[in-house]
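Enquirer: Under the UniProt record's numbering, the first residue of the sequence shown is numbered 1, with each subsequent residue one higher.
Note that CB positions come from ideal geometry on N, CA and C, so glycine has one too.
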Amino acid sequence: MRVHLTKQQQLDLCKHRRTQHPHPSLQELATWAQVTFKLKRPPSKAMVSRVLRQEPVLQTLTPDELQRRRTQQQHVAALDAMMLEAIAFFEDGHVALNGRLIIWLARRCADRFQIPMAARPRFTRGG
Numbered sequence: 001m002r003v004h005l006t007k008q009q010q011l012d013l014c015k016h017r018r019t020q021h022p023h024p025s026l027q028e029l030a031t032w033a034q035v036t037f038k039l040k041r042p043p044s045k046a047m048v049s050r051v052l053r054q055e056p057v058l059q060t061l062t063p064d065e066l067q068r069r070r071t072q073q074q075h076v077a078a079l080d081a082m083m084l085e086a087i088a089f090f091e092d093g094h095v096a097l098n099g100r101l102i103i104w105l106a107r108r109c110a111d112r113f114q115i116p117m118a119a120r121p122r123f124t125r126g127g
């Protein structure tokens, strides 16, 4: 069973390490994370090490991104924003939207962003 931390928890782990002198060991950080975040088991030393190496990236994330366990790829966030704008535009114009139209619209937006087919979200009616 793997331990999953939100990006905020990962950043808190990095901040905790920076405030401790001398720096705690990876095992001590894992134990601290287990107690602080009320985890069933401590994260592995490899995971703690990986999180510490990611600190510069973690510091650049927005508050919304920090609440996630995984960050969205940039093109997916842009596609989501464009879809929200398009749906709001159609609703303001009292245009009836159905699942097929939304899927068609999402594909056109993905084309506009030139998102490669392999990197696109799956546009299905079932979700």
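Look at the Cβ atom of Leu-26, then the Cβ atom of Val-48, and state whether they are nearer than 8 Å.
Expert: Yes, they are a contact pair.
Enquirer: Mind the definition here: the segment 97-113 touches the segment 73-86 only if three or more C-beta pairs lie below 8 Å; say whether that holds.
Expert: Cβ pair count under 8 Å is three or more, so yes.
Enquirer: What does the alpha-carbon distance come out to for the pair Gln-9 and Arg-107?
Expert: 35 Å
Enquirer: Short check: CB of Leu-61 to CB of Lys-15, under 8 Å?
Expert: no
Enquirer: Hey, how far is the Cα of Leu-13 from the Cα of Leu-101?
Expert: 45 Å
Enquirer: Below 8 Å between beta carbons: does that hold for Met-83 and Leu-105?
Expert: yes
Enquirer: My output table needs one value for His-16: the three-state DSSP class, helix, strand or coil.
Expert: Looking at His-16 - three-state DSSP - the assignment turns out to be helix.
Enquirer: State the DSSP-derived secondary structure class of Pro-42, mapped to helix, strand or coil.
Expert: In this structure, Pro-42 counts as coil in the three-state DSSP scheme.
Enquirer: Rounded to whole angstroms, what is the Cα-Cα separation between Val-95 and Thr-124?
Expert: 21 Å
Enquirer: Taking the alpha-carbon of Arg-53 as reference, which of Leu-11, Ile-103 and His-4 has the nearest alpha-carbon?
Expert: Nearest Cα to Arg-53 within the set Leu-11, Ile-103 and His-4: Leu-11.
Enquirer: Under three-state DSSP, which class holds Ala-81?
Expert: helix
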